Every structure is written in structure tokens, then in C-alpha cells.
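This is how it looks when you write it as C-alpha cells:
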């Protein structure tokens with residue numbers, strides 16, 4: 001080459017290709033850096049199912065669960081995962097190879113179980129620059145806890161569906177599904193209510209009210225509703241339910257359906273109404289009794305069980321009170337009659353006592369008069385006795401001069417003795433009379 005000759009320059013296309021390769025390398029490095037640091041476990045395999053790449057999240061997941069993997073694959077070593085054929089993880093590798101042989105079948109979703117662990121797996125196709133199918137990208141996710149939660153939730157929902165009436169609606173109230181409990185409670189078949197509006201179960205007044213419109217507008221906004229509701233079953237039968245209306249929120253944050261859980265409480269509501277009525281009726285009967293009206297009773301119609309026993313007991317108490325008060329009234333009448341008779345007896349006794357007192361006064365006066373007479377006679381007798389004694393003395397001194405006088409004086413002496421005896425008898429009679437008068441006065445005092 002002479003000095004006047006120049007070296008050939010690189011063509012524009014070569015420089016462009018070099019720049020493109022550099023850009024591709026830079027992009028690949030960026031992508032790898034991004035994949036290395038994402039929280040998703042990423043693994044890449046070639047068409048022979050040999051592992052060509054795992055990111056940090058995959059290594060961490062495999063290392064964390066290495067003991068569980070070894071129980072299934074004893075030779076498993078997370079540090080030697082690169083260059084390992086994933087046929088090792090499959091009981092039937094031919095099935096997996098056939099499934100992944102055609103990229104049109106991808107992406108493929110599967111779930112694998114490793115001991116107690118559950119992994120979600122998404123397999124996609126990997127292409128080179130020319131668009132050739134060169135391998136697969138595997139996304140791993142440990143869904144063990146999620147599946148346990150789902151199983152728990154599903155168990156709870158199944159238990160609720162077995163014990164409660166469940167029905168589902170669109171957000172505007174159209175029926176989409178219902179379980180057997182709900183259908184049995186309302187008396188319909190699924191074919192009869194599918195596509196119908198919830199208002200089918202409401203009476204005309206509530207169905208046409210502003211409150212009903214607001215009810216569904218609130219559910220459409222995602223507001224939860226729970227209460228006791230009066231509803232209408234097939235044939236117009238009125239029932240009561242304890243229910244909750246639960247808007248289900250979708251990924252966009254908006255409700256996409258409403259699920260209602262309900263239990264029939266018609267019997268409980270009727271019992272509560274009957275209890276309130278019984279309390280009111282009992283209060284009326286008690287108030288009447290306080291107002292001295294014992295004729296009020298609690299009606300027993302429509303009552304049963306403990307309420308019936310309670311009402312019968314209250315009525316029995318009122319009956320007993322009526323009987324007792326009746327007996328008291330009868331006894332009061334008898335006592336009043338007896339008191340009247342006693343009063344009359346007292347009046348009669350008082351009259352008789354007065355008469356007896358008058359008689360006693362007369363007797364006492366007579367006794368006083370008799371006593372005075374007896375006393376006078378006694379005095380006369382004593383004087384006569386003195387005279388007789390004097391005469392006797394005179395006669396003795398006279399030497400019995402006059403015999404006739406002596407005989408006379410003897411007669412007088414005998415008469416005096418008889419008079420003394422008579423006076424003693426009269427004194428005894430007076431004493432006995434005083435005793436009788438005293439006894440009569442005592443008896444009169446006792447009777448009065």
C-alpha cells in the first residue's frame with residue numbers, strides 16, 4: 001500500500017450492527033438485573049429441560065424448603081440447581097415434554113405438591129431474536145398459606161351454606177343463584193326465581209317505598225346491611241328472616257354481586273310479639289286488681305308453653321284473691337251480725353242489770369228496815385230482860401212473897417230466851433241476804 005493509499009473505513013451497517021448488539025447486551029443486562037431482584041421466583045430451561053437460569057428469589061425459596069424437597073427427591077441440592085434437568089421433578093416427564101413441545105399451548109398453569117407445600121407454576125415460552133422457540137420461563141409461587149386460607153374460608157362458607165339460606169344477586173337486585181335451604185324456606189324452585197328481582201320476596205307496600213330503592217342503592221355502593229326483615233314466601237305466606245346482605249368487591253374496588261345469608265326467625269318473632277302482648281295483658285289485669293277490680297283475667301287464646309303456664313298462674317292468683325276476699329266479706333257480714341246481736345244483748349243485759357240493781361236496792365232497803373226492826377226488838381227484849389231481872393231480884397228479895405209474880409217472871413224469862421233465839425235467826429238471815437246480794441252484784445258486773 002503506497003502512502004497515497006488510505007485504509008478502508010468500516011461500513012455504516014457494521015457500525016449499526018455493533019451498536020445494536022451493544023444495546024441488546026445492555027438491555028439483557030438490565031433485564032437480568034431486574035429479574036434477579038424481583039420478588040417472583042423465576043427459572044429458565046432450554047428445550048432439553050435443563051435449568052439455565054434461576055433468580056435470587058428462586059434460590060431463596062428452594063433453600064428455605066430444601067428439607068421438604070429432599071423428602072420427595074433425596075438427592076436434591078439447591079446449590080446445584082443450575083444445569084439440572086427438571087425431568088427429575090416429574091413422575092411422568094414424557095407428559096410434561098409433550099405439553100411444552102408446542103408453544104401454542106402456553107402459557108400453562110399448574111399446581112404441584114411437595115410434602116405439605118403447594119406451589120403455583122406458570123410456564124411460558126422463551127424465544128430468541130429470530131423468533132425461534134428456545135426454551136421456557138417458569139414462575140414459581142409458594143401458595144401453601146393461601147391455599148390453607150382458601151380451604152378455611154371455603155370450609156366456613158360451606159358450613160354456612162349448609163346451615164343457612166344463601167342467595168346471590170347482581171348489584172341491581174336480580175337473582176343469580178340460591179341454595180336448597182333458601183329455596184325450601186321460600187317455597188320456590190331455582191327455575192322459578194332465576195333472573196327475577198329481589199322484590200319478588202317483598203310485599204307491595206315495601207316494594208314501592210322509597211326505603212326499598214335506597215336499600216339497593218346502598219348495596220350498590222358496597223354498604224353492608226343486616227337486620228330482621230319481613231318477607232313474603234311463595235303463596236303469600238309471611239315469614240321473618242334474620243339476614244345479612246354482603247356486597248362482594250371486585251379487583252376494581254367496586255361491588256360486582258351481593259350475597260345474602262339468612263335464617264328464618266318467624267317463630268322467634270311471633271313468640272316475641274306474643275310475649276309483648278302477654279306482658280301488656282298482665283299489666284292490665286294487675287292494674288285492674290290495684291283498682292279493686294278482680295274480674296279482669298288474662299286471655300289464654302294463642303298462648304302455649306311457658307307463657308300459657310304463666311298466664312294460668314296469674315289468673316289462678318287472681319281467682320284465689322277473689323275467693324279469699326269473698327270469704328273475708330262473708331266473715332265480715334257474720335261478724336257484723338254477731339256484733340249487732342252482742343250489742344242488743346249488752347243493751348238487754350244493761351237493762352236487766354239496772355233492774356237487778358233496783359231490786360237489790362229495794363232488798364237492801366227492806367233489809368235495812370228489817371234490821372232496824374230486829375234491832376228495836378232486840379233493844380226491847382234487852383229492856384224486858386232487864387226488867388225481868390230486876391223483878392226477879394225484887395221477888396227474891398221479897399222472899400218469894402208473891403208466887404204468881406215468880407211464875408210470871410219465869411214465863412217472861414223463857415220468852416226473853418226465845419226472843420234472843422229469834423234475834424239470832426234474824427241476824428243469820430240478814431247475813432245470808434247480804435251474801436246473796438253481793439254475789440248478784442258480782443255476776444252482774446261480770447255479765448256487763
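Numbering (the working numbering), first residue to last: 1 to 448.
By construction, the Cβ of each residue, glycine as well, lies at the ideal position given by its N, Cα and C atoms.
It should be emphasised that the depicted structure is a prediction, and the values quoted were computed from it without experimental measurement.
Inclusion of residue 265 and residue 246 in the CB contact set at 9 Å is not warranted, their separation being larger than that value.
Taken through DSSP and simplified to helix, strand or coil, residue 240 comes out as strand.
Along the length of the region 249 to 310, whole alpha helix (DSSP H) runs at least 4 residues long occupy 266 to 290, reported in chain order. Taking the CA atoms as reference points, residue 193 sits about 7 Å from residue 175.
Taking residue 46 as the centre and dropping the five residues before and after it, the same chain places the C-beta of 52, 134 and 135 closer than 7 Å to its C-beta, in chain order. In the structure shown, the three-state DSSP call for residue 317 is helix. In the DSSP assignment, residue 124 falls within the beta strand (DSSP E) that extends over 117 to 127. The closest CA to that of residue 285, considering only 101, 298 and 254, is found on 298. In the displayed model, residue 95 falls within a helix according to three-state DSSP. Here residue 214 is not near residue 173, since their CB atoms are 9 Å or more apart.
Around the Cβ of residue 38, a 10 Å sphere holds fewer than 16 other Cβ atoms; the residue is exposed. Judged by their CB atoms, residue 112 and residue 105 are not nearer to each other than the 9 Å cut-off.
Within the region 31 to 93, the complete beta strand (DSSP E) segments at least 3 residues long are 41 to 46 and 51 to 54, listed from N- to C-terminus. In this structure, residue 230 sits near residue 240, with a CB-CB distance shorter than 9 Å. In the structure shown, the three-state DSSP call for residue 246 is strand. The way I'd put it, the region 152 to 172 doesn't touch the region 125 to 133; fewer than three beta-carbon pairs between them come closer than 8 Å. In the DSSP assignment, residue 147 falls within the unbroken alpha helix (DSSP H) covering 144 to 163. For residue 207, no beta strand (DSSP E) segment is defined; the enclosing uninterrupted segment is the alpha helix (DSSP H) at 204 to 207. Annotated three-state conformation of residue 196 is coil, per DSSP. Per DSSP, residue 227 is one residue of the beta strand (DSSP E) stretching across 225 to 232. Taking C-beta atoms under 8 Å as the contact rule, residue 164 and residue 262 qualify, at a distance of about 6 Å. Within the same chain, 120 come within 6 Å of residue 141 by CB-CB distance, once the 5 residues on both sides are set aside. Under DSSP, residue 174 forms a beta bridge with 197. No Cβ-Cβ contact shorter than 9 Å links residue 78 with residue 87. For residue 202, the closest of 331, 238 and 59 by C-alpha to C-alpha distance is 238.
Taking the C-beta atoms as reference points, residue 122 is found nearer than 9 Å to residue 138. A direct Cα-to-Cα measurement between residue 287 and residue 325 gives close to 17 Å.
Boundaries of the beta strand (DSSP E) harbouring residue 110: 108 to 114, taken from the DSSP string.
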